[in-house]
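Let me begin by presenting the structure, written as structure tokens, before commenting on it.
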Amino acid sequence: MRFNFRQGSCTRNRLVDCRHVARIDRSEDGDMALTHHTLATVADIASICLENAPVGQRASAVMDRLNEEIPFEAASIASYDMGRQRHFTVAASEYPGEVSSYLNQGFTVDDPAFLAMRFRRSRPLRWCDIPNYADNFSAREVFQPSGFYEGVTTCLFTRDGRYTGSLHLSTTFPVPLSDAAVDCLIAVQPLIATLTDGLRANDGDSWELLVDGSEEAAFLTDEGSVSDVEGTARGEHLHEDGALYQQMRIAVSLGGPRSLYWVSPDGHTMRMSVTPVAAGSLVTLRHEKAPRNLTARELEVLTYLARGLSNAEIGRELHASHRTVATHVERILDKLDCHSRVAAAGIATAEGIVLPLR
Numbered sequence: 107m108r109f110n111f112r113q114g115s116c117t118r119n120r121l122v123d124c125r126h127v128a129r130i131d132r133s134e135d136g137d138m139a140l141t142h143h144t145l146a147t148v149a150d151i152a153s154i155c156l157e158n159a160p161v162g163q164r165a166s167a168v169m170d171r172l173n174e175e176i177p178f179e180a181a182s183i184a185s186y187d188m189g190r191q192r193h194f195t196v197a198a199s200e201y202p203g204e205v206s207s208y209l210n211q212g213f214t215v216d217d218p219a220f221l222a223m224r225f226r227r228s229r230p231l232r233w234c235d236i237p238n239y240a241d242n243f244s245a246r247e248v249f250q251p252s253g254f255y256e257g258v259t260t261c262l263f264t265r266d267g268r269y270t271g272s273l274h275l276s277t278t279f280p281v282p283l284s285d286a287a288v289d290c291l292i293a294v295q296p297l298i299a300t301l302t303d304g305l306r307a308n309d310g311d312s313w314e315l316l317v318d319g320s321e322e323a324a325f326l327t328d329e330g331s332v333s334d335v336e337g338t339a340r341g342e343h344l345h346e347d348g349a350l351y352q353q354m355r356i357a358v359s360l361g362g363p364r365s366l367y368w369v370s371p372d373g374h375t376m377r378m379s380v381t382p383v384a385a386g387s388l389v390t391l392r393h394e395k396a397p398r399n400l401t402a403r404e405l406e407v408l409t410y411l412a413r414g415l416s417n418a419e420i421g422r423e424l425h426a427s428h429r430t431v432a433t434h435v436e437r438i439l440d441k442l443d444c445h446s447r448v449a450a451a452g453i454a455t456a457e458g459i460v461l462p463l464r
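Numbered as in our numbering, the sequence shown ends at 464 without a single skipped number.
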């Protein structure tokens with residue numbers, strides 16, 4: 107089914123809220139112009155989103171602040187779990203359980219209007235923006251039997267265009283929310299998107315900086331499943347059957363940001379970084395020379411040395427003679443400016459060259 111969304115205001119039983127008309131003006135060509143009062147609302151919501159509080163608590167506060175400006179009886183903010191490819195509720199108010207479940211499952215999977223809005227990056231849509239939406243399955247079988255006769259959904263996108271979740275508002279009266287209310291939602295949409303962003307770094311680094319310059323990137327859930335990161339390439343190494351999967355899992359289990367240097371099968375030295383984010387871990391892989399002027403072969407020897415292998419065991423792993431391995435170990439100790447294998451392992455771990463022994 108294809109929807110032709112109506113442009114401009116909804117005329118069917120339109121609710122005119124003088125508060126919003128006074129606060130948001132439109133230019134002659136229909137562009138949104140926010141008044142000082144609405145900008146204050148946006149600033150309040152931005153402040154809430156930045157508070158040092160659990161995300162559910164902040165999301166509830168955002169809904170309360172929105173309700174001071176927009177008349178609605180029920181609300182929900184949902185986050186999109188990229189690893190599991192599903193939505194889950196971050197905060198909700200006054201929706202019956204069956205409606206909340208439907209919003210996260212059937213609505214976001216099967217509702218044609220929602221899918222068109224998400225993948226076309228449409229502005230927030232009210233029922234009145236969609237021809238005959240009251241006859242749609244969602245309205246007819248779910249919302250209306252639960253007492254909701256109008257509403258609006260906003261798909262949440264970050265400034266770099268990633269979809270992170272959705273905001274749903276519903277009313278018990280069959281009167282559309284005003285255009286001013288929709289404009290307010292447009293203004294706060296990227297702010298609320300930060301609350302539902304599963305790739306938001308725990309240490310505050312921006313997602314763009316974390317993936318900038320990477321050859322490969324992937325999202326790793328706490329349960330160990332790997333999925334693509336929108337707008338980046340996963341490549342051949344960062345997947346569940348890849349050479350680095352076990353190292354990825356170990357890095358996550360250690361907690362905090364972690365890194366290691368690795369020699370790919372084609373002989374290139376690469377740096378794998380694992381960064382905790384809101385919903386799991388972001389893993390990136392970059393071509394990068396090993397520190398301390400270590401060669402690719404020395405890096406391989408150091409990796410095994412840090413795991414506690416003897417020269418003979420390292421030789422078997424690398425198909426090298428005992429004498430060759432001993433020479434590499436001597437050079438590694440010299441480059442790390444230390445005198446023992448234990449000290450070398452400690453320095454390599456501390457500098458993020460290899461992972462700690464588990």
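The C-beta atom is built at its ideal place from N, Cα and C for all residues, glycine as well.
Since the structure is predicted, the reported quantities are computational estimates derived from the model, not experimental observations.
Are at least three pairs of beta-carbons, each pair with one atom in the segment 156-170 and one in the segment 222-241, less than 8 Å apart?
Of all C-beta pairs linking the segment 156-170 to the segment 222-241, fewer than three are shorter than 8 Å, placing the two stretches out of contact.
Look up Glu322 in the DSSP assignment and give the residues it is bridged to.
As computed with DSSP, Glu322 is found in a beta bridge with Leu391.
Find the nearest neighbour of Asp372 within the set His393, Gln211 and Leu360, judged by alpha-carbon distance.
Scanning His393, Gln211 and Leu360 for the CA closest to the CA of Asp372 turns up His393.
Endpoints, the beta strand (DSSP E) within which Asp506 is located
An answer regarding residue 506 cannot be provided, because it is not within the stretch 107 to 464 covered by the chain.
Taking only three categories from DSSP, how would you classify Ala159?
DSSP places Ala159 in coil when its eight states are reduced to three.
Length of the line joining the Cα atoms of Ala323 and Val294
Roughly 29 Å between the two C-alpha positions.
Can you name the start and end residues of the alpha helix (DSSP H) that Ala222 belongs to?
From DSSP, the alpha helix (DSSP H) with Ala222 extends over Pro218 to Arg226.
Using the C-alpha atoms, what's the distance from Leu408 back to His374?
Those two C-alpha atoms are separated by around 16 Å.
Are the segment 403-418 and the segment 341-349 touching by the rule of at least three beta carbon pairs closer than 8 Å?
Contact check between the segment 403-418 and the segment 341-349: fewer than three CB pairs, one atom from each, fall below 8 Å, which does not count as touching.
Report the three-state DSSP secondary structure of Arg265 (helix, strand or coil).
It is coil, neither helix nor strand.
Helix, strand or coil for Glu457? Go by DSSP, reduced to three states.
Of the three classes helix, strand and coil, the one that applies to Glu457 here is coil, per DSSP.
In three-state terms, what does DSSP make of Arg355?
In the structure shown, Arg355 sits in a helix (DSSP, three-state: H, G or I).
Between which two residues does the beta strand (DSSP E) harbouring Trp368 extend?
From DSSP, the beta strand (DSSP E) with Trp368 extends over Arg364 to Val369.
For His445, does the three-state DSSP call read helix, strand or coil?
Residue state, collapsed to three classes: coil.
Euclidean distance between Cα positions of Gly253 and Thr278:
Rounded to the nearest angstrom, the two C-alpha atoms are 6 Å apart.
What's the gap between the Cα of His142 and the Cα of Ala149?
If I take the Cα positions, the gap works out to 10 Å.
Considering only the alpha carbon of each residue, which of Thr327, Trp368, Val435 and Gln353 lies closest to Ala384?
Selection Thr327, Trp368, Val435 and Gln353 evaluated against Ala384 yields Thr327 as nearest (Cα-Cα).
Compute the beta-carbon to beta-carbon distance between Ala339 and Tyr367, rounded to the nearest angstrom, for a pair I have assumed lies under 8 Å.
Their Cβ separation, rounded to whole angstroms, is 20 Å, which puts Ala339 and Tyr367 out of contact at 8 Å.
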